[in-house]
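Numbering (this note's numbering), first residue to last: 47 to 193.
Heads up, the beta-carbon is just placed ideally off N, CA and C, and yes, glycines get one too.
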C-alpha cells in the first residue's frame with residue numbers, strides 16, 4: 047500500500063513561505079490505500095503505528111493517492127470507517143500557496159469524543175498535491191482517513 051516516491055522539484059522553502067516548493071515535495075512516502083477512504087464501508091482493526099509510520103518516531107512525509115483519496119478530511123467522518131475504529135482527520139487550515147507549509151492538528155474520533163486523541167502535524171502545498179508530515183497514531187485502532 048505504500049512506496050517511497052519523489053517528484054522532480056528540488057527547491058526548498060521554510061514554513062509559512064510560499065512560491066517555491068518545499069524540499070519535502072521531492073521526498074515523501076506514497077500511500078495508495080482505498081480502505082482509508084471515509085466512504086469505505088465496514089472496518090478492520092487497522093492502526094497507524096506500523097510502517098511507514100513506525101519507521102519515524104517523530105513523523106514522516108506522506109502523500110495519499112488513488113481511489114481512497116488524496117487529502118485528510120477537514121471534519122470528523124465519524125467512527126468505524128477508514129479501516130479502523132478511530133478515524134483521523136485534519137483540524138486545521140490547508141496551505142493555500144504553492145510551497146507553503148502549515149502547522150495543525152490531526153484529531154482522532156473515538157467513542158467519547160470527536161477529537162479524543164490528537165497529534166501535531168504539518169501540511170505542505172506541493173502545487174498540484176498536498177503532503178502531510180504525520181507521526182504514528184497516538185492510540186491503536188486509529189488511522190488517518192482520506193477523501
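Query                                                                                                          : Result
Nearest-angstrom Cα separation, counted from residue 80 out to residue 191                                     : 10 Å
DSSP state of residue 128 mapped onto helix, strand, coil                                                      : coil
Buried versus exposed call for residue 176 [16 or more other C-beta atoms within 10 Å across all chains shown] : buried
Buried or exposed by the 16-neighbour rule on C-beta atoms within 10 Å, applied to residue 94                  : buried
For residue 166, the three-state DSSP class (helix, strand or coil)                                            : strand
Environment of residue 151 [buried if 16+ CB atoms lie within 10 Å]                                            : exposed
Assumed close pair residue 164, residue 154 - CB separation to whole angstroms, cut-off 8 Å                    : 7 Å
Straight-line gap, residue 135 to residue 97 (C-alpha atoms, nearest Å)                                        : 19 Å
Identified DSSP bridge partners for residue 83                                                                 : 192
Beta-bridge pairing of residue 25 - partner residues as DSSP gives them                                        : This structure cannot speak to residue 25, because the chain is shown only from 47 to 193.
The ligand SAH heavy atom lying under 8 Å from the CB of residue 134                                           : This structure does not include the ligand SAH; it has no bound ligands of any sort.
Euclidean distance between Cα positions of residue 187 and residue 146                                         : 31 Å
Proximity below 9 Å, CB of residue 110 to CB of residue 182                                                    : no
Backbone CA spacing between residue 90 and residue 170 [nearest angstrom]                                      : 29 Å
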